[in-house]
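Q: Taking the UniProt record's numbering, the leading residue of the sequence shown gets 1, the next gets one more, and so forth.
We treat Cβ as the ideally placed atom computed from N, Cα and C, and that holds for glycine.
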Amino acid sequence: MNFSDTLRGLLRRWYIVVPGLLAAAAIAIGAWFAIPPGYNRSATQLLLPGANSIPEGANPYLFLGGLAPAADVLVRAIGSENVVNDMAEKHPGVEIAISRDTTTAGPIILITVTADSDAAAEEVLTLLVERTATVLEDFQTSERIPADNRMSVIPHHRRREERRRAAHAHPGRGGRRPRHRRADPAAGRTRRRAEPTAAQACAAEAGGVCGCSIRTDGIRVCGI
């Protein structure tokens, strides 16, 4: 059965095809309006060592290796159940995820907020970013760490994204795959003309008449 036969069969059964298409369109439109969009905001923060914990005049970004445990402790404090529940009560429908960024070895804290509106996501994210600095300061104050030896946290990156909460992105689906051109084995090669043999050169010089003989040592000699 080819395409034309299939098309004729669908046309003959239009009373099934048309209601099916209308039902599919209605379901798609209903799902679009029933599933609210989710606004995703994320921010990363970087821990830096205190001024007295590194050599004078040194680059602080070269001394981040020992701050990963401190970042883990800070993540647990910010992402505690009390903090998350408090934010959920003030902003219903908000989803919060706080972790240390595992894509890098540095002491980077990743905060992700998903809400029903972009304004709510931005507000909650700002509160959590500010709370990170407050909690870090409280920890160091309670331990009576000198001010010039205290760690600090700075904003690293902020990102905004809008997506459907029920939709899950699958790499490689819903889009075209990049086309890869096949390499032509003959491309880029310079064709060289075949060098004329001795007989051809001889014939060309003699106007097409040339005689060749083979010597006892196997070498072919051509002459006029």
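1. Pairing CB atoms from the segment 23 to 32 with CB atoms from the segment 92 to 109, are three or more of them under 8 Å?
2. On the DSSP bridge assignment, give the partners of residue 99 in chain order.
3. Are there three or more Cβ pairs, one per stretch, closer than 8 Å when the segment 33 to 50 is compared with the segment 111 to 126?
4. Starting from residue 41, follow the beta strand (DSSP E) in both directions and report where the run begins and ends.
5. Taking all protein chains shown into account, decide if residue 13 is buried (16 or more other Cβ within 10 angstroms of its Cβ) or exposed.
6. In chain order, what residues of the same chain have a beta carbon less than 6 Å from the beta carbon of residue 51, not counting five sequence neighbours either side?
7. Tell me, please, which residues DSSP counts as bridged to residue 115.
8. Just how far apart, CA to CA, sit residue 11 and residue 35?
9. With a CB to CB cut of under 6 Å and the five nearest residues on each side skipped, what residues in its chain are close to residue 67?
10. Given a threshold of 16 other Cβ atoms within 10 Å of its Cβ, counted over all protein chains shown, does residue 49 qualify as buried or as exposed?
11. Pick helix, strand or coil for residue 69, following the three-state DSSP scheme.
12. Out of curiosity, what's the CA-to-CA distance linking residue 132 and residue 153?
13. DSSP state of residue 94, grouped into three classes?
14. Within the same chain, show all residues whose beta-carbon is closer than 7 Å to that of residue 64, passing over the 5 residues directly before and after it, in chain order.
15. Rounded to the nearest angstrom, how far is the Cβ of residue 157 from that of residue 6, given a contact under 8 Å?
16. Over what stretch of residues does the alpha helix (DSSP H) that includes residue 19 continue unbroken?
17. Smallest Cα separation from residue 75: which of 24, 128 and 33?
18. Does the Cβ-Cβ distance between residue 151 and residue 77 come in under 8 Å?
19. Would you decide whether residue 145 is buried or exposed? Buried here means 16 or more other CB atoms lie within 10 Å of its CB.
20. For residue 202, count neighbouring C-beta atoms within 10 Å of its own C-beta (all shown protein chains included) and say buried if the count is 16 or more, exposed if not.
21. Is any heavy atom of the ligand PLP found at a distance shorter than 7 Å from the C-beta of residue 59?
A: The short version:
1. no
2. 110
3. yes
4. 37 to 48
5. exposed
6. 148
7. 39
8. 34 Å
9. 47 and 107
10. buried
11. helix
12. 8 Å
13. coil
14. 106 and 107
15. Rounded, the Cβ-Cβ distance is 52 Å, inconsistent with contact.
16. 14 to 34
17. 128
18. no
19. exposed
20. Caution applies to residue 202, whose pLDDT of 47 falls short of 50 and renders its modelled position unreliable; the model cannot decide the point.
21. Only the bare structure without any ligand can be found here, which leaves the ligand PLP out of the picture.
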